[in-house]
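Enquirer:
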Amino acid sequence: MTNVAVIGSGTMGNGIAHVFAQHGFAVALIDINQPALDKALGTIGKNLDRQVAKGSLSEADKLATIGRITTFTSIADGVRKAELVVEAATENVDLKLQIFRDLDQHAPQEAILASNTSSISITKIAAVTKRTDKVIGMHFMNPVPVMKLVEVIRGYATSDPVTARIMEISRQLGKTPTEVNDYPGFVANRILMPMINEAIYSLFEGVAGVEEIDTVMKLGMAHPMGPLQLADFIGLDVCLAILRVLHDGLGNPKYAPCPLLVNMVMAGRLGSKSGEGFYSWT
Ligand code: CAA
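In this text, residue positions in the sequence shown follow our numbering: the first is -11, and each later residue adds one.
1. Determine the closest residue to Lys118 out of Met155, Ile100 and Leu36, with distance taken between C-alpha atoms.
2. From the DSSP output, in three-state form, read off Pro245 for me.
3. Could you pull the start and end residues of the alpha helix (DSSP H) that Pro23 belongs to?
4. With Glu79 and Ala229 assumed to form a contact (beta carbons below 8 Å), what rounded beta-carbon distance in angstroms separates them?
5. Whose CA, out of Gln86, Asp92 and Thr203, lies closest to the CA of Val73?
6. Specify the secondary structure class of Glu139 as computed by DSSP and reduced to three states.
7. For Arg(-8), which residues in the same chain have their Cβ closer than 8 Å to its Cβ, ignoring the five residues on either side in sequence?
8. So Gln10 packs on Thr53, CB below 8 Å; how close in whole Å?
9. In the structure shown, what three-state DSSP assignment does Ile108 receive?
10. Tell me whether Ala64 is buried or exposed, calling it buried when 16 or more other Cβ atoms sit within 10 Å of its Cβ.
11. Asp37 to Ala95, Cα distance in whole Å?
12. What is the residue span of the alpha helix (DSSP H) that Thr164 lies within?
13. Quick one, are the C-beta atoms of Leu249 and Tyr243 less than 7 Å apart?
14. Counting Cβ pairs, one atom from each stretch, are 3 or more of them under 8 Å apart for the segment 150 to 159 and the segment 173 to 190?
15. Where does Val253 sit, in a helix, a strand or coil, going by DSSP?
16. Here's a check: name, in chain order, each residue in its chain whose Cβ is nearer than 6 Å to the Cβ of Asp225, leaving out the five neighbours to either side.
17. May I ask you to list the residues that DSSP assigns as paired with Ala14?
18. Taking buried to mean at least 16 other C-beta atoms within 10 Å of its own C-beta, is Lys122 buried or exposed?
19. Excluding the 5 residues preceding and the 5 following Pro215 in the sequence, name in chain order all residues of the same chain whose CB lies nearer than 6 Å to its CB.
20. Can you check DSSP and say which residues form a bridge with Ile314?
21. May I ask you to check if the CB of Ser273 is nearer than 6 Å to at least one heavy atom of the ligand CAA?
22. Are Asp202 and Ser109 close, meaning C-beta to C-beta below 7 Å?
23. Comparing the CB of Pro131 with every heavy atom of the ligand CAA, is any distance shorter than 6 Å?
24. Val134: which of Ser44, Leu238, Thr270 and Gln22 sits nearest, CA to CA?
25. Spatial neighbours of Asn130 within its chain, please: C-beta separation below 8 Å, excluding the five flanking residues on both sides.
26. Take Leu191 and list the residues in its own chain whose beta-carbon comes closer than 8 Å to its own, dropping the five residues that flank it on each side.
27. Does Phe60 come out as helix, strand or coil in the three-state DSSP assignment?
28. Hey, out of Asn104, Ser262, Gln86 and Ser62, whose CA is closest to Gln22's CA?
29. Per DSSP, which one or two residues make a beta bridge with Met126?
30. Mind checking who Gly259 pairs with in its DSSP beta bridge?
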């Protein structure tokens, strides 16, 4: 496999394009407007510079990586030659369903269609296509060039050969793939989000302050970031959306989002991307 298309050039999309291009794949990076694509290429360039600075990548490999990425503002043009499409658009069900309808229409018949969704059902996404056996979850972690995991999610109809192919491609990217089944939150967020929610409840109920909660988890449990800092990094709107998927899909009150999280999202305090969350990022 040589041709990959990535839909969406935000934090996850540009990281996914970076990693595929760095490992020799020709990448078509697709977004709705050219300024977003130019910004993504700038981010990829900066992240490649970090790797050059620490000696894990040569300047020639950096230039070759950038040279393997072509940008497109149309799905139809961008996926024409794709053998694999990885969708990393905004975490919105209706948007993803429309993208997969378009992909099914424009991508070659044999192409595998993967989604980087953090919690939307792969089975539901696959159902809008005529190739349910070739639709799969390929859930990368942020920052994509650094984090080793790919959570590979099998939808209800995903075939064994397609799953095996995605496991193999993930290994070619230097990642460790882990196969899981399609239930709300999969594994990563089914475990991560209740921890983040509990940290927010601890703050809400006055058990401790922001820095104290994060220090306990960082130094006591050897987490690289405390749960409140991690929530700011992921985006509080994304955390809330995932908790709602868990709450609705599993029907257990233990997943109910903390009212403080709901209020912060309504107030537009979304974490590092909005400048304010549990911490100030300005
Ligand atoms: N691209 C390339 N390299 C990067 C990078 C990027 N975007 N971001 C960081 N790095 C590299 C740095 O160059 C540095 O490399 P060396 O150690 O080899 O010098 C290394 O990563 C560490 O970076 P920093 O020194 O700048 O900072 P740090 O030590 O605080 O690490 C971190 C940053 C890797 C993000 C670390 O804090 C961490 O692991 N945080 C937790 C991340 C996490 O849990 N991610 C999962 C979020 S959940 C998710 O993504 C899925 C979901 O569905 C919600």
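Glycine is no exception: its CB is placed at the ideal position from the N, C-alpha and C atoms. These numbers were taken from a predicted model, which means no experiment stands behind them.
Expert: Let's see:
1. Ile100
2. coil
3. Gln22 to Ala41
4. 6 Å
5. Asp92
6. strand
7. This sequence places Val at residue -8; Arg is not what is there. Counting only Cβ-Cβ distances below 8 Å, and skipping sequence neighbours, we find Phe8, Phe13, Ala14, Val15, Ala16, Ala70, Glu71, Leu72, Val73 and Val74.
8. 5 Å
9. coil
10. exposed
11. 33 Å
12. Looking at the DSSP string, Thr164 is not in any alpha helix (DSSP H); the run it does join, the beta strand (DSSP E), is Thr164 to Asn169.
13. no
14. no
15. helix
16. Val253 and Leu258
17. Asn(-9)
18. buried
19. Met183, Ile184, Ala187 and Met205
20. Residue 314 is absent from the structure shown; the chain starts at -11 and stops at 270.
21. Outside the displayed range of the chain (-11 to 270) lies residue 273, so it cannot be described from this structure.
22. no
23. yes
24. Ser44
25. Thr(-1), Met0, Gly3, Phe221 and Ile222
26. Gly197, Val198, Ile201, Leu216, Leu248 and Phe266
27. strand
28. Ser62
29. Val140
30. Glu264
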